[in-house]
Amino acid sequence: MKIKNNILTFIIFLLSTCFIFGCNSNAGNKKQNAEELQDNMIRYHRILAATPAMEEIVLGLVKPEQIAAVSDYSRKSKFPEIAAKAKRVKGVISTKPSTESIIAQKPDVVLLPVVFGKTQAETLRDCGLHVIPLDVPEGYENIKKRIQFIADQLGESENGKLLTARMDEKVNRVRAAVKNLPAKKIAVGYAVNGAFGRKNGAFDNICKEAGVLNGAGLLNMKRDEQLSKEQILELNPDVIICSADATSSKMWQEVLQDPSFKNIKAIQNKNVFTLEERYMNSTTQFFAESVEMMAKTVYPECFNHVP
Numbered sequence: 003m004k005i006k007n008n009i010l011t012f013i014i015f016l017l018s019t020c021f022i023f024g025c026n027s028n029a030g031n032k033k034q035n036a037e038e039l040q041d042n043m044i045r046y047h048r049i050l051a052a053t054p055a056m057e058e059i060v061l062g063l064v065k066p067e068q069i070a071a072v073s074d075y076s077r078k079s080k081f082p083e084i085a086a087k088a089k090r091v092k093g094v095i096s097t098k099p100s101t102e103s104i105i106a107q108k109p110d111v112v113l114l115p116v117v118f119g120k121t122q123a124e125t126l127r128d129c130g131l132h133v134i135p136l137d138v139p140e141g142y143e144n145i146k147k148r149i150q151f152i153a154d155q156l157g158e159s160e161n162g163k164l165l166t167a168r169m170d171e172k173v174n175r176v177r178a179a180v181k182n183l184p185a186k187k188i189a190v191g192y193a194v195n196g197a198f199g200r201k202n203g204a205f206d207n208i209c210k211e212a213g214v215l216n217g218a219g220l221l222n223m224k225r226d227e228q229l230s231k232e233q234i235l236e237l238n239p240d241v242i243i244c245s246a247d248a249t250s251s252k253m254w255q256e257v258l259q260d261p262s263f264k265n266i267k268a269i270q271n272k273n274v275f276t277l278e279e280r281y282m283n284s285t286t287q288f289f290a291e292s293v294e295m296m297a298k299t300v301y302p303e304c305f306n307h308v309p
């Protein structure tokens with residue numbers, strides 16, 4: 003009888019062990035299967051964006067582990083969330099990479115601006131790479147459309163919708179804050195090479211959404227042109243906004259000290275400000291943040307009561 007009981011106990015023990023092991027094994031398999039499924043749902047595993055602006059967008063949409071390489075510009079980005087993610091990307095590439103350096107990163111998709119030229123795109127395609135050509139967007143709505151297009155192409159449509167929705171939320175708050183202005187102020191922007199801000203360029207579009215009149219845009223300034231002293235006098239801007247990168251430039255010093263500018267409203271009223279370059283020339287998800295910073299700089303009185 004005692005032997006039978008021992009045998010019965012041993013059998014129960016074996017069955018229990020097998021049951022527990024089987025459960026643990028199934029749980030492990032389920033976890034592995036879930037991870038494999040999630041991995042299979044990722045459309046691209048080695049994404050390469052060929053400009054810092056595109057890197058910003060991609061870093062806002064996907065995990066850093068899905069990106070083949072980023073530039074040092076992104077690693078040192080003044081947007082903390084971009085810098086943090088960029089530092090987790092193993093590969094490094096220049097801000098305007100050559101065809102050879104792109105191929106060396108072994109990407110499975112390349113986001114390439116059309117301004118780089120058709121030859122590079124065709125060469126990359128001939129090498130078997132999937133290339134997504136992208137135009138430079140003009141205007142807020144086109145910036146959002148490009149972000150959503152990139153998100154759709156990368157299989158991150160929902161993340162794209164979230165990103166553009168957050169942009170709308172911020173831009174709409176700015177629009178509401180400045181909608182009752184008695185008059186819009188004229189601003190002239192300065193970069194390292196002088197007074198800039200072509201019509202429909204990034205600075206011009208940031209100003210528009212912030213309720214500011216961009217002086218260079220009012221004069222229909224074209225790409226690569228700068229405002230002359232005569233044009234600045236004609237505009238008589240209410241505000242001068244200088245890129246932080248240009249505060250020590252010769253042009254900046256000349257403008258501030260030029261006797262012919264002493265009667266400009268911006269200088270008389272001491273409305274001369276500096277903004278970081280990122281807030282003066284954005285075509286990414288940070289366009290909305292740039293609009294907010296521009297509006298708060300030019301119309302601080304509209305935001306005294308806004309948290």
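Numbering of the sequence shown is given in my numbering, commencing with residue 3 and proceeding in unit increments.
Glycine included, each C-beta is placed from N, C-alpha and C at the ideal position.
CB contact flag (residue i, residue j, <7 Å)
i: L63; j: A153; result: yes
i: A55; j: T285; result: yes
i: A248; j: V300; result: no
i: L131; j: P115; result: no
i: E211; j: S245; result: no
i: A268; j: V241; result: yes
i: I149; j: T166; result: yes
Counted within 10 angstroms of its Cβ, other Cβ atoms place residue i as buried (16 or more) or exposed
i: K146; result: buried
i: N216; result: buried
i: M87; result: Before going further, note that residue 87 is Lys rather than Met in the sequence given. It is buried - the Cβ of K87 has at least 16 other Cβ atoms within 10 Å.
i: G191; result: buried
i: S292; result: buried
i: Q68; result: buried
i: R90; result: exposed
i: E58; result: buried
i: R225; result: exposed
i: G219; result: buried
i: S79; result: buried
i: A123; result: buried
i: N306; result: exposed
Straight-line gap, residue i to residue j (C-alpha atoms, nearest Å)
i: M223; j: G199; result: 7 Å
i: E294; j: C129; result: 43 Å
i: G162; j: F289; result: 15 Å
i: V72; j: P66; result: 10 Å
i: S103; j: R77; result: 18 Å
i: N283; j: P139; result: 12 Å
i: K94; j: E303; result: Sequence check: residue 94 is Val here, not Lys. If I take the Cα positions, the gap works out to 44 Å.
i: Y75; j: P239; result: 33 Å
i: L183; j: Q287; result: 26 Å
i: N271; j: R48; result: 52 Å
i: E37; j: V176; result: With a pLDDT of only 42 at E37, under the threshold of 50, the placement of this residue in the model should not be trusted; the figure read from the coordinates follows. Their backbone Cα atoms lie some 42 Å apart in a straight line.
i: E1; j: L164; result: Past the edges of the chain, shown from 3 to 309, lies residue 1, and the structure says nothing about it.
i: L235; j: Y142; result: 30 Å
i: Q228; j: L258; result: 17 Å
i: A297; j: E256; result: 26 Å
i: R168; j: F81; result: 16 Å
Reference residue i; option with closest CA among the options
i: T53; options: F81, P82, S100; result: S100
i: K252; options: A197, R45, V176, K87; result: A197
i: V133; options: Q150, N144, D110; result: D110
i: K231; options: A204, A246, I266; result: I266
i: C209; options: R225, Q107, V180, L164; result: V180
i: V117; options: K108, K98, A106, I105; result: K98
i: A189; options: L258, G213, Q259, E158; result: G213
i: R45; options: E83, I105, L156, K108; result: L156
i: I105; options: P261, R127, G119, K92; result: R127
i: S250; options: Q233, T276, P82; result: T276
i: S262; options: E83, E171, Q233; result: Q233
Enclosing beta strand (DSSP E) for residue i [first to last residue]
i: G196; result: 196 to 198
i: V112; result: 111 to 115
i: C129; result: No beta strand (DSSP E) holds C129; DSSP gives it neither H nor E.
i: G191; result: 188 to 193
Range covered by the alpha helix (DSSP H) that runs through residue i
i: V60; result: 54 to 61
Interface flag, residue i vs chain B, CB-CB below 7 Å
i: R175; result: Note that chain B does not occur in the displayed structure, where there is just one protein chain.
Closer than 6 Å: residue i CB and nearest the ligand FMN heavy atom
i: K65; result: As far as ligands go, the structure on display features none, and thus does not contain the ligand FMN.
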